[in-house]
Amino acid sequence: MRTAFVISVLVLAAGCGGPPPAGEGAAQAPSAAESPQPAAQSGQTTSAANAGAATPAAPAFRGRTGELLNPDNTTMVLLYFDLAGLPPPIDQSLDDDMRVRMARATDKPAARDLVRKELEAGLAGVRNIGAIRMSLAANLSEYDSTYNEFTVRALSPSSMVEFKALGQKVAVKFGNARTAQVWRVPAAEAQAVVDRVGFASDVSLDALLAIRDVHAAPEGGNITVNVIEYELRENRSGNLLGRVQLAP
Amino acid sequence: MLNPRNTLILVAAALLTACGGGGPNPPGTVGNNAPNKEKPSGDATAEQVAEEVRAGLDCPADIDTPDRPPNSPVNDVVGVRPGLTYDEAQNVVLCTHDLLVASPPSTSGFNIKTYGATIRQGFSARFAEPRVNKSSRDYMREMNEDFMARSGNAVREDMKPGQSKWYVSTMGVPGEERVIAVAREEWFAEGRNPTMQSVADALVKKYGPPTRRQENPTVIVLAWIYDPQGRFVPETSPNAMRCTAMSSPDGGTSFSPDCGLVIGAQVRPVQDNPALAKFMQVGVADQSVGYELIVQTEQSLESGEMKRRADEVKNAAQNADAPKL
């Protein structure tokens, strides 16, 4: 093991494909029609997917109670700066905006002003944000019959979601990933889930994430979130496969 | 829909140049914390070299780090386990044989930003070699012999029967480094080689039934894998192939937060009798804990750097010269 160690943080931003428009893929209470036979399962708190269980209250980070729904790159970077208590590099970023770049010389001051106001409004909009709802590809594992569970690899300790804007790179990591990634399904119901899923890539999840910590670093940083709850859906039909709620 | 990737895996790539152990730097006292003293000169036997370097070593080693919790899996290699301090680990390693001497790593270690801080990222240990004063003619002859050997694809082993070598990987802020991985290779003494099967059986007796076991005429490979929650990962688990087990002191290792304790072992036979073991390698890494420690260390140093920069900017605002325009 005498080695040169290399940390490879292979962030495949292209794979992220950008967040969906607001509202798309947002967590929704499943109706009976769209959840024919959701697997009974348990995270730290068991709840049947069609039971309409109430969302557990996320502990507020520094008293923040606001919630973002599938935020875009710029919003997340502004949120990072707000959480870290650092001034965002708005002035330095104005000329990188395509509207400023493409504007005629005589129009550039106005374009800069417009972009600045947008960013300042965006910054004001994240001031009270303490939770995020995010839709992700679940990357579900095969069923583990030893422990009667699937692994939701999108929420595993090695998983992160990256956002790039304003020349900064912000990564969202899951603080309770070890427990959040476990989707327990009784053996008797596992086959039905496997039959419905087909391919692991056909499952998405809608997660409620509570901000737990922020770590500032040069040119970006990390936001650590705790997964409060998530729903797993089969992509083709949109059917609910299961819901996992975790201790706040 | 966002597509997060399982990305945060610390990959340790082995440099082939690091293999072969002997290298240009003869084994000696671990450099990072060794007192500066005059380098001994003159011919000396391996025993004399070891005695010089190991002066002041106390055996058996004092271990203040608490034992592993009861009912947790066996995680040591001849007493060296993840969680020990740098000094404890070095003490245990050197106490396993009178001829072992430790050296600092010959490679640059983890590729993390240390902002000028010196972190002891590990040490190697191997048998002391006799010290021979060589003339320029001796060096030229050796270089020529090495060249001829390479040209003929000659096999040059860096170990002799009866010897062992170690690499211990450590991480932490300066002065608080702890073991995150350890690997040991042991060459069995000639004429006293155990059978391949008995070595494998001894490994299974110590570490339990393995997650993976592969056998062919040239090697037995074993791996024991646990998840970050300390649960054994059986062969049938979908996660069984996600964790890389490394056993060679000269190889690389990886630290994935998705993997817990990972133990790897290899047993290789002597050339003229595949039933007898020539040497074995055993490696242990607590991957998720190691990963966390690496990240924490880098973040801790990063925070210090951010504070230093902020303080300098603050001072500059008060004391800096104004430019003449």
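Residue numbers (our numbering), protein chains in the order written: chain R, 3 to 250; chain B, 10 to 334.
We treat Cβ as the ideally placed atom computed from N, Cα and C, and that holds for glycine.
A quick note: this is a predicted structure, and the numbers were derived from the prediction, not measured.
Per DSSP, I272 (chain B) is one residue of the beta strand (DSSP E) stretching across L270 to V279. Counting only runs of 4+ residues, the alpha helix (DSSP H) found wholly inside the segment 108 to 147 of chain R occupies 110 to 127, in chain order. Under the criterion of beta carbons closer than 8 Å, L270 (chain B) and N84 (chain B) qualify as touching, at roughly 5 Å. Cβ-Cβ separation between V89 (chain B) and V110 (chain B): approximately 16 Å, too far for a contact (criterion under 8 Å). According to the DSSP secondary-structure assignment, N282 (chain B) is paired through a beta bridge with B:V279. For Q238 (chain B) and R180 (chain R), the gap between their C-alpha atoms comes out near 7 Å. The residue among B:Q206, B:L285, B:R251 and B:I234 with its C-alpha nearest the C-alpha of G217 (chain B) is B:I234.
With distances taken between CA atoms, A59 (chain B) lies nearest to B:A137 out of B:S112, B:S81, B:P82 and B:A137. For L81 (chain R), the uninterrupted alpha helix (DSSP H) segment begins and ends at N75 to A86. If you check each beta-carbon in the segment 139 to 153 of chain R against every beta-carbon of chain B, the ones closer than 8 Å belong to A139, N141, S143, E144, Y145, D146, S147, T148, Y149 and T153. Taking a C-beta distance under 9 Å as the contact criterion, A55 (chain B) and P113 (chain B) do not qualify as a contact pair.
Excluding residues up to 5 positions away in sequence, L70 and L211 lie with their Cβ nearer than 6 Å to the Cβ of I134 (chain R) in the same chain.
Every alpha helix (DSSP H) of 4 residues or more that sits fully in the segment 143 to 216 of chain B is shown, in chain order, as 145 to 160 and 205 to 216. By the rule that beta-carbons nearer than 9 Å mark a contact, S239 (chain R) does not touch chain B. With fewer than 16 other CB atoms across the displayed protein chains lying within 10 angstroms of its CB, T227 (chain B) is exposed. Taking G51 (chain B) as reference, the option from B:P183, B:D96, B:S115 and B:S144 with the minimal CA-CA separation is B:S144. Beta-bridge annotation (DSSP): D208 (chain R) is paired with R:S137 and R:E233.
Of the residues assessed, N324 (chain B) falls on the exposed side of the cut-off, its CB having fewer than 16 other CB atoms within 10 angstroms.
M315 (chain B) has a beta carbon lying within less than 9 Å of a beta carbon in chain R.
A contact is defined here as three or more CB-CB pairs under 8 Å, and the segment 67 to 87 of chain R meets this definition with respect to the segment 159 to 176 of chain R.
If the five residues before and after D204 (chain R) are omitted, its C-beta is found closer than 7 Å to the C-beta atoms of E236, N237 and R238, all from its own chain and listed in chain order.
Sequence-distant partners of G124 (chain R) (beyond 5 residues in either direction) whose C-beta falls short of 8 Å from its own C-beta, in its chain, are T76, T77 and L80. Comparing C-alpha distances from Q94 (chain R) to each of R:A189, R:L168 and R:G177 shows the shortest one belongs to R:L168.
With 16 or more other CB atoms across the displayed protein chains lying within 10 angstroms of its CB, K174 (chain B) is buried. Within the same chain, Cβ atoms closer than 6 Å to the Cβ of N228 (chain R) are found at G177, N178, A212 and R214, the five residues on either side in sequence being excluded. For N225 (chain B), no alpha helix (DSSP H) encloses it; the enclosing beta strand (DSSP E) starts and ends at R221 to N225. In the three-state scheme derived from DSSP, where H, G and I count as helix and E and B as strand, A126 (chain B) is classed as coil. With contacts defined by Cβ atoms closer than 9 Å, I229 (chain B) and R222 (chain B) form a contacting pair.
For I92 (chain R), the uninterrupted alpha helix (DSSP H) segment begins and ends at I92 to S95.
The closest CA to that of D197 (chain R), considering only R:A107, R:R66, R:L116 and R:E144, is found on R:E144. Given a length threshold of 3 residues, each whole run of the beta strand (DSSP E) inside the segment 73 to 129 of chain B is given here in chain order: 109 to 112. Per the DSSP secondary-structure output, N178 (chain R) pairs with nothing in a beta bridge.
A straight-line Cα-Cα distance of about 10 Å links V276 (chain B) and E194 (chain B). Approximately 6 Å separates the beta-carbon atoms of T94 (chain B) and T74 (chain B); this is inside 8 Å, confirming the contact. Note on M250 (chain B): under 16 other CB atoms within 10 angstroms of its CB, so exposed under the neighbour-count rule. At a C-beta separation below 9 Å, T220 (chain B) has no neighbours in chain R, since its nearest C-beta there lies roughly 11 Å away.
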